[in-house]
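For the sequence shown, my numbering gives the first residue as 30, with consecutive numbering after it.
Below is one structure, written out as structure tokens; comments come after it.
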Amino acid sequence: MFKKKKEHSGGSLARLITLTKKNLLRFFKNPKAMGFLLGIPIMYYLIIGLVFGSTGDQTATYNIGWVDDDTSTADYSINPYFNVSEIKNIIGNIENVNLIDYNSIENATNGALDDKIEAFVYIPEGFEENLENRYFNHIAFWNNDTSSGNYSLNIIYELLANQSSYLFKLYNVTSSGSTVYANFQDSIYDAILIVNENFNYGLENNWDVNMTYHYRDGLSIAKLEYNRNILSNIVNGISFSMGSSSEITILSEIIPGTSLFDPISYDIYFLQSVSLQTRMIIENLFKSIIYGVINYNLNEINLELSIESIGGREVNQITFQSAGLILYGPMTILSFAIIILTSEKKDGIYKRLASSEVKNHEIILSSIIADTFLIFMQLTIGICLLFPFGWNPIIASTLDAIIGIVLGIFLFSFFILALAFTLTPIFKDPDTAGGGVWIILIPLMMLSGIFFPLEYMGEGLQIIANFLPTRYAVLIFQDLLLNGLPVTDPGILTNMGILILYSIGLFIIGIFAFRKFKR
């Protein structure tokens, strides 16, 4: 019995190996199945590599407007890069940045709406003057020492003010020191340097003495230490030159209830249809360059970049990608349509219909109606699921949005079904069609902006995208649901017309292919 059981086990294993070989041979002997199984992942990873990797053309040029409304003038000997024109020249020399001058916000806005620029920078009035003013630390000097000695605190103040004039502006407020300190938040000063009790007496006796640098809350540690070190070096040098061997220490303390002055601001206006990735690239570029040029030393000037939307409000990622997300569901109907057509071919339904009184156009029309219904169902599902995740479409009017969406989806359905009739003869059976159709779907979706914005791609792939019919469908819905344009806008009508031409061309091909396929 033991031997018989061993033979049974061996026979089972042999059959398993035989069946496995047969299944593999069936796959390898079917060129289409093997091509689809290998071709789809190869195509997918190649496209991902071209889009996100170094293989693609990553030299996209950013067209940025420049509006300079500042008529003030800084002293460029203090810092040559307070000159707005110099800052502009530095940015203009950066590779892939194309600066375009505009003389007003209105003209720059029109340039953005005409797709000439993605964004524009606005320099407000008083920018240079404010830079120069903020370059200096305005310090109140309060002699709060009541001790006596042979050293004149007025002379020390004058020498300190003179020797630190390249960085500090000192103001002697000894007569009103307590008042200045009590109302410091509303004062013009960045800090108040207080000479502490027994300072003069300590200098007289060569004791170590101190002052206290009281500063506004929010000052960075780096700038605080920079200021303290400069003041300490100067006052110790003055003390030594006056014959005292005392070491003067500059203490530091935050003034409670205070905050830094409002930063010097400039603006970047973005067209609301610009992707978040492009916004981040442009925003970080200008922020780093302008801040780095102006604050090349530790005497940092507090700058603020304000982001404005030309469309009136900010756009989240869901809203920005809504055109592609809405079209994804209807796009997948292509797979269903081709599977149904190949199934009917395999089951002989078309032969039986052809022998009856059913006409070709009736068969085609029935497929169009059924698939259009499914496409609208997919559209409804997509819209209903996007709203809870923050989709906030920007539309010209509710009527424009409804008419535009319905008309746009009808045209997109026409294209999808035309493509289905064109591709169906390629596939012999539903199994092959179900996988093979994705070789068409993946490029159409990934390279047209359905999956992710075209800004992720290099210029080479963006050129290819402009020849894809699905790209024009995405542009239609972007204009309707992101740019807030009416359905009668010439750009929308043009894109609809291009989509119709693509669909008609495919349908003509598909009709002839369908006749051959039906036989």
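Just so you know, even glycine gets a beta-carbon here, dropped at the ideal spot from N, CA and C.
As the structure is a computational prediction, the values presented were derived from the model and not from experiment.
For P417, count neighbouring Cβ atoms within 10 angstroms of its own Cβ and tell me buried if that reaches 16, exposed if not.
-> exposed
Is it a yes or a no for the stretch 185-205 touching the stretch 158-177, going by three-plus beta-carbon pairs under 8 Å?
-> yes
Buried versus exposed, by CB contacts within 10 Å (16 or more), F541 | Burial is judged here by how many other beta carbons sit within 10 angstroms of a residue's own beta carbon; F541 has fewer than 16 and is exposed.
Can you tell me whether DSSP reads V344 as helix, strand or coil?
-> For V344, the three-state secondary structure derived from DSSP is coil.
Separation of L363 from S395, as counted between CA atoms = 16 Å
Can you tell me whether DSSP reads A169 as helix, strand or coil?
-> The answer is strand: DSSP assigns A169 an E or B state.
Contact set for A137: own chain, Cβ-Cβ below 6 Å, skip 5 residues either direction | Taking A137 as the centre and dropping the five residues before and after it, the same chain places the C-beta of G94, V96, Y131 and F149 closer than 6 Å to its C-beta, in chain order.
Which word fits R381, buried or exposed, when buried means at least 16 other C-beta atoms lie within 10 angstroms of its C-beta?
-> Unreliable positioning characterises R381 in this predicted model, as indicated by a pLDDT of 47, which lies under 50. The coordinate reading is nonetheless provided below. Its Cβ having fewer than 16 others within 10 Å, R381 is exposed.
Would you please state the rounded distance, in angstroms, between the beta carbons of I311 and L332? I believe it to be under 8 Å.
-> At roughly 16 Å, the Cβ-Cβ gap does not stay under 8 Å, so I311 and L332 are not in contact.
Under a Cβ-count criterion, where at least 16 other Cβ atoms within 10 Å of its own Cβ denotes burial, should Y379 be classed as buried or exposed?
-> Below a pLDDT of 50, predicted positions are generally treated as unreliable, and Y379, at 49, falls in that range; the measurement from the model is reported next regardless. With 16 or more Cβ atoms within 10 Å of its Cβ, Y379 is classed as buried.
Just confirm the distance between the C-beta atoms of T451 and I538, as a whole number of angstroms; I'd bet it's less than 8 Å.
-> 5 Å
Under a Cβ-count criterion, where at least 16 other Cβ atoms within 10 Å of its own Cβ denotes burial, should M309 be classed as buried or exposed?
-> exposed
Excluding five sequence neighbours on each side, which residues of the same chain lie with their C-beta closer than 6 Å to the C-beta of I412?
-> none
Do you know whose CA, among S177, I297, P515 and S216, lies nearest A141's CA?
-> I297
Let me know if I556 comes out buried or exposed under the rule of 16 or more other beta-carbons within 10 Å of its beta-carbon.
-> Residue 556 cannot be examined here, being either before or after the span of the chain that is shown, 30 to 548.
Express the C-alpha separation of K145 and N92 in angstroms, rounding to a whole number.
-> 7 Å
Please confirm if the stretch 223-233 is in contact with the stretch 247-266, defined as three or more CB-CB distances below 8 Å between the two stretches.
-> Segments in contact, no.
Touching or not, the stretch 177-190 and the stretch 238-245, by the rule of three or more beta carbon pairs under 8 Å?
-> no
Enumerate, from N- to C-terminal direction, the unbroken alpha helix (DSSP H) stretches of 4 or more residues contained entirely within the stretch 296-372.
-> 305-323 and 346-349
As assigned by DSSP and simplified to three states, the class of N201 | strand
Compute the Euclidean distance between the alpha carbons of N345 and G419, then round it to the nearest angstrom.
-> 8 Å
Just the Cα atoms here: how many angstroms apart are D99 and N162?
-> Taking the straight line joining both Cα atoms gives about 15 Å.
Which value, in whole angstroms, describes the spacing of the CA atoms of K117 and N166?
-> 26 Å
Distance, Cα to Cα, L232 vs S274?
-> 8 Å
Hey, is the stretch 249-259 in contact with the stretch 284-298, meaning 3+ C-beta pairs nearer than 8 Å?
-> no
Which same chain residues, not among the five before or five after I438, have their C-beta less than 8 Å away from its C-beta?
-> Cβ neighbours of I438 within its own chain (closer than 8 Å, five residues either side excluded): P359, I404, F405 and L408.
Given that a residue counts as buried once 16 or more other Cβ atoms are within 10 Å of its Cβ, and exposed if not, what is Q350?
-> With 16 or more Cβ atoms within 10 Å of its Cβ, Q350 is classed as buried.
DSSP state of Y91, grouped into three classes?
-> It is a strand residue.
Output the boundary residues of the beta strand (DSSP E) element that contains F149.
-> A148 to I152
Determine the contact status of S181 and Y230, defining contact as a CB-CB distance below 8 Å.
-> no
Taking only the alpha-carbon atoms, compute the straight-line gap between I123 and L314 and give it to the nearest angstrom.
-> Per the coordinates, the alpha-carbon of I123 lies some 10 Å from the alpha-carbon of L314.
When the Cα atoms are used, what is the spatial distance from L428 to S304?
-> The straight-line gap from Cα to Cα measures roughly 26 Å.
Where the alpha helix (DSSP H) containing E488 begins and where it ends = E488 to A494
Secondary structure at L222, three-state DSSP: helix, strand or coil?
-> strand
Straight-line Cα distance separating I129 from G121 = 9 Å
Are there 16 or more other CB atoms within 10 angstroms of the CB of P285, so buried, or fewer, so exposed?
-> exposed
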